[in-house]
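Residue numbers for the sequence shown follow this note's numbering, beginning at 300 and rising by one.
From the three backbone atoms N, C-alpha and C, an ideal C-beta is built for every residue, glycine too.
Working notes, beginning with the structure itself.
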Amino acid sequence: MLRLFPLLFLLASSTFAQNRQADSLQLGRYFERADQFMSEDRYDSAQRYLNKIYPKLTYRKPSLFSYLLSSRQAEIYYYNNLPDLGIQEAARSVVIAQYLKDDILKGDAYNFVGIFHLMTGNHKAAISSFKKSISLGLSSPYPPRYPELSKPYHFFGNLAEVYEATGKPDSAIYFNRLAIREARKEHTLRGLSTSYLNMANAFLKVPDLDSAYHYFTQCRDAAINSKDFDVELCAYSGLATCAKARREFKEAEQQLVKGFGLYTKHPHINSYYSLIFLDMAISVYETSGNFKRKADALVLKTKIQQTTYDRKDTQLKTILSSQLNNENRILNLEISRTKQEKRIATIRFYFIVALILLLSAAFGAYYYYNRQRVKVMELRNKISQDLHDEVGATLSGINLYAHMARTQCEEQDQSGASRSLNIINTNAKDMIKKLSDIVWAVSPSNDSLEELMQRLEAYAVEAGFPKGIRVSVIHDEQLFKVKLSMEFRKNIYLLSVEAVNNAIKHSNCSILTINTMLLGRRLHLCITDDGMGLSTEKASKGNGLDIMKRRASEIKADLKITSDNSGTVVKLICKLTRWT
Numbered sequence: 300m301l302r303l304f305p306l307l308f309l310l311a312s313s314t315f316a317q318n319r320q321a322d323s324l325q326l327g328r329y330f331e332r333a334d335q336f337m338s339e340d341r342y343d344s345a346q347r348y349l350n351k352i353y354p355k356l357t358y359r360k361p362s363l364f365s366y367l368l369s370s371r372q373a374e375i376y377y378y379n380n381l382p383d384l385g386i387q388e389a390a391r392s393v394v395i396a397q398y399l400k401d402d403i404l405k406g407d408a409y410n411f412v413g414i415f416h417l418m419t420g421n422h423k424a425a426i427s428s429f430k431k432s433i434s435l436g437l438s439s440p441y442p443p444r445y446p447e448l449s450k451p452y453h454f455f456g457n458l459a460e461v462y463e464a465t466g467k468p469d470s471a472i473y474f475n476r477l478a479i480r481e482a483r484k485e486h487t488l489r490g491l492s493t494s495y496l497n498m499a500n501a502f503l504k505v506p507d508l509d510s511a512y513h514y515f516t517q518c519r520d521a522a523i524n525s526k527d528f529d530v531e532l533c534a535y536s537g538l539a540t541c542a543k544a545r546r547e548f549k550e551a552e553q554q555l556v557k558g559f560g561l562y563t564k565h566p567h568i569n570s571y572y573s574l575i576f577l578d579m580a581i582s583v584y585e586t587s588g589n590f591k592r593k594a595d596a597l598v599l600k601t602k603i604q605q606t607t608y609d610r611k612d613t614q615l616k617t618i619l620s621s622q623l624n625n626e627n628r629i630l631n632l633e634i635s636r637t638k639q640e641k642r643i644a645t646i647r648f649y650f651i652v653a654l655i656l657l658l659s660a661a662f663g664a665y666y667y668y669n670r671q672r673v674k675v676m677e678l679r680n681k682i683s684q685d686l687h688d689e690v691g692a693t694l695s696g697i698n699l700y701a702h703m704a705r706t707q708c709e710e711q712d713q714s715g716a717s718r719s720l721n722i723i724n725t726n727a728k729d730m731i732k733k734l735s736d737i738v739w740a741v742s743p744s745n746d747s748l749e750e751l752m753q754r755l756e757a758y759a760v761e762a763g764f765p766k767g768i769r770v771s772v773i774h775d776e777q778l779f780k781v782k783l784s785m786e787f788r789k790n791i792y793l794l795s796v797e798a799v800n801n802a803i804k805h806s807n808c809s810i811l812t813i814n815t816m817l818l819g820r821r822l823h824l825c826i827t828d829d830g831m832g833l834s835t836e837k838a839s840k841g842n843g844l845d846i847m848k849r850r851a852s853e854i855k856a857d858l859k860i861t862s863d864n865s866g867t868v869v870k871l872i873c874k875l876t877r878w879t
């Protein structure tokens, strides 16, 4: 019988190892499919495969798969122009790479951080991130077991792009030379052709037309050899640019003819590069007086823009919806696990009471522990409700204006479509800010009342700046002594943000005052503006006042709102329990 135990142990270990291997193979197939869809610009389809990976990695210790999931998610944000979400995802990639102590992954992660800083115009931070990538990427060999990640020629090329954007073409040329050198080491024709393209564009900024023409020619030849038709199309555009600058319009049109011939053979070329080519074609035909070809190019450009917009609109909805679904999936997994544990605890309770009455005290402690878990579940439900309150209406607005923009584009109402897209952009930024506020409010590290007031002050100053509203803040010196529970912190902060938003959006005020006082064990928070006030009838119907009252009720606080022609006063009084 004793000899059977090692055999059973080995059998169990073997079964576990086989399950882990099968799981890894399935994850590998999901990543492969996601990468394939991303290479085809089908980011919504790629997101669906990442969503399949997400539940399998949620409760695991960080691994290479965890990093790949985060980096692929960041890449999707990049190609869908979502830099704020991208920076957060790239920062998560850095944390995972640091946990794994892998310099190659760190270099790849910092490269994404730099890209998103470049997108938001934070050039100083972008340069710092790309330099970290270069330092890490050059110091370690590239393991063959890794899938496609960023390599040194990417880092040098991206750094050159920052210097080109900041008006430093000489620095851009220097780092493009290094990118070309690294691409040659890697024997990657696409990397070499894109490096040539970046170098040519840098010489155009000098301007040095001879050098630009030389590198555009090398770019074209390398792209032809590697069959990278999008880069080849950009090379023809660059050669036409050089010819136009020399007033050689016949040569410019010849290069454009080659480009149109390439596009005719390969109509699915990346829309970003296609539009760059068409803009140059329109400019050349305008200057040379070939208005028929100009009209044809404009028609093709409009068609590509419409197709791109429709695709991007669908992809963006899928991606944003997927993020909310992932959060809900985690919440549902937690609820399911908590319910399962509660059922197990109940069974144990009856079993223990029936057999051993002496352990009733121990069971009481165990039952209390499970009650705490139920409270956590209820708290998560409240967070879910907050997400619905803060984000649901904004997402509905984005969907509505996206439909309007599509209709306006079909009707050739460019100005109307532009206004709708601007509204979508504003709503998306507002949604990101609201999500950031909720995440900050529930973070256990931000339990100081002083930190809460500092964040509220920063929010008010940022929100009021575009309208020229001056924010005056008066804080009690003892705020740092007060520690808030998550429920108090969340409700006080979100209530205050709602009051600040009402003042900025509806009061037409010039001064906004935030005053906090500690009287005994009570917090007195007063938000005052000098605007035109809110009528009682209108105030009772909207402006988020019902939500403000509900938040005050959840922490058993007194909320008083008074308004007249001289302004509005929102006063909150609540009892505090935690002091340091």
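For the options Thr465, Arg670, Asp746 and Ala544, the alpha carbon positioned closest to that of Val583 is the one of Ala544. DSSP, read as helix, strand or coil, puts Leu597 in helix.
Take the alpha-carbon of Gly466 and the one of Glu374: they are about 27 Å apart. The region 845-853 and the region 772-784 do not touch, with fewer than 3 CB-CB distances between them shorter than 8 Å. Counting C-beta pairs with one atom in each stretch, the region 335-351 and the region 359-367 have fewer than three that are closer than 8 Å, which means they do not touch. The residue among Val770, His805 and Asp746 with its C-alpha nearest the C-alpha of Glu786 is Asp746. Residue pairing by DSSP puts Lys859 in a beta bridge opposite Lys870. Within the same chain, Gly406, Pro451 and Phe454 come within 6 Å of Gly436 by CB-CB distance, once the 5 residues on both sides are set aside. Boundaries cannot be given for Asp712, as no beta strand (DSSP E) includes it and DSSP labels it neither H nor E. Of the candidates His565, Leu508, Lys360 and Gln335, His565 places its Cα closest to the Cα of Lys526. Beta bridge pairing from DSSP links Asp828 with Leu811 and Thr867.
Per DSSP, Ile773 is one residue of the beta strand (DSSP E) stretching across Arg769 to Ile773. Shown here, His567 sits in coil according to DSSP, grouped into three states, outside any helix or strand. Phe454: member of the alpha helix (DSSP H) spanning Pro451 to Ala464, first to last residue. In the same chain as Ile568, and ignoring 5 residues on each side of it, the C-beta atoms closer than 7 Å to its own belong to Phe528, Asp529, Leu532 and Tyr562, in chain order. Here His513 carries a helix assignment [DSSP, helix/strand/coil]. DSSP, reduced to helix, strand and coil, places Ser427 within a helical segment of the structure shown. Pairing Thr876 with Pro382, the inter-Cα distance amounts to about 40 Å.
Taken through DSSP and simplified to helix, strand or coil, Ser747 comes out as strand. Annotation for Phe429: Gly413, Phe454, Asn457 and Leu458 place their beta carbon closer than 6 Å to its own, counting only its chain and skipping 5 residues before and after. Bridge pairing for His486: absent [DSSP]. With contacts defined by Cβ atoms closer than 8 Å, Ile479 and Tyr495 form a contacting pair. In its chain, beyond the 5 residues on either side, Ser369 have a beta carbon closer than 6 Å to the beta carbon of Arg391. Our two residues, Ala389 and Leu404, have alpha carbons roughly 11 Å apart in a direct line.
If you draw a straight line from the Cα of Phe515 to the Cα of Ala534, it comes to about 5 Å. Contact check for Leu844 and Ala856: beta-carbon distance about 15 Å, past the 8 Å limit, so the pair fails to qualify.
Judged by DSSP in its simplified three-state form, Arg328 adopts helix.
In the structure shown, Leu503 adopts helical secondary structure according to DSSP, grouped into three states. For Ser587, same chain residues with a beta-carbon under 8 Å away, outside a window of 5 residues either side, are Phe548, Ala551 and Glu552 in chain order. Using a 10 angstroms sphere on the CB of Val652, the tally of other CB atoms stays under 16, which defines it as exposed. The C-alpha of Ala757 is placed about 20 Å away from the C-alpha of Asp829.
Excluding the 5 residues flanking it on each side, Ser795 has same chain C-beta neighbours closer than 6 Å at Leu755, in chain order. In the DSSP secondary-structure assignment, Leu437 is not bridged to any residue. A Cβ-Cβ separation of about 16 Å leaves Leu833 out of contact with Ser809 under the 8 Å criterion. Minimum Cα-Cα distance from Ser852 among the listed residues Ser865, Asn800 and Asn790 corresponds to Asn790.
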